[in-house]
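Each number in the numbering used here corresponds to the 1-based position in the sequence shown with 3 added. Written out below as structure tokens is the structure these notes cover.
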Amino acid sequence: MYLAMNRFIVAQDNAAAFEELWLNRESRLNEMDGFRAFHMLKGPETEGKILYASHTVWESEAHFLEWTRSQQFRDAHAKAGQKRKLHEGAPVFEGFTSIQSVAATPA
Numbered sequence: 004m005y006l007a008m009n010r011f012i013v014a015q016d017n018a019a020a021f022e023e024l025w026l027n028r029e030s031r032l033n034e035m036d037g038f039r040a041f042h043m044l045k046g047p048e049t050e051g052k053i054l055y056a057s058h059t060v061w062e063s064e065a066h067f068l069e070w071t072r073s074q075q076f077r078d079a080h081a082k083a084g085q086k087r088k089l090h091e092g093a094p095v096f097e098g099f100t101s102i103q104s105v106a107a108t109p110a
């Protein structure tokens, strides 16, 4: 399993617009082999800024890399520079390869 994350710092004044942008976008992730799950996470607020993280789970790093080279990726990110920038700086990417997974035991 491979987890790809992007962290965003968003000013409180931009939080509603940032969330709306993510909630209403067409990602096309579900068209990709190896895609398992996506979560947009809202973290703590500090000094008027909120931490968000996009969290995508892939079967492998190779599947994630294929996504980054795909037409679906280009389509999903085509309008990224056309809208008002709602976060500070560039997103911070972090990629993780799973070394252990523990799942809930069915009752």
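The beta-carbon is built from N, C-alpha and C at its ideal position, and this holds for glycine as well.
Residue of the options minimising C-alpha distance to residue i
i, options, result
"Ile53", "Ala110, Glu22 and Leu6", "Glu22"
"Asn9", "Glu91, Ser104 and Ala106", "Glu91"
"Ala40", "Asp16, Ser57, Pro109 and Leu26", "Ser57"
"Phe67", "Phe38, Arg77 and Gly46", "Phe38"
"Trp25", "Asp36, Phe11 and Tyr5", "Phe11"
Separation of residue j from residue i, as counted between CA atoms
i, j, result
"Gln75", "Gly98", "20 Å"
"Ala20", "Lys88", "10 Å"
"Glu48", "Pro94", "17 Å"
"His15", "Lys45", "Looking at the sequence shown, residue 15 is not His but Gln. Near 12 Å, if we compare the C-alpha coordinates of Lys45 and Gln15."
Counterpart residues of residue i in DSSP-defined beta bridges
i, result
"Met43", "Ser57"
"Gly98", "Ala7"
"Lys52", "Ala14 and Thr49"
Per-residue burial, residue i [other beta carbons within 10 Å of its own, 16 or more giving buried]
i, result
"Val13", "buried"
"Ala106", "exposed"
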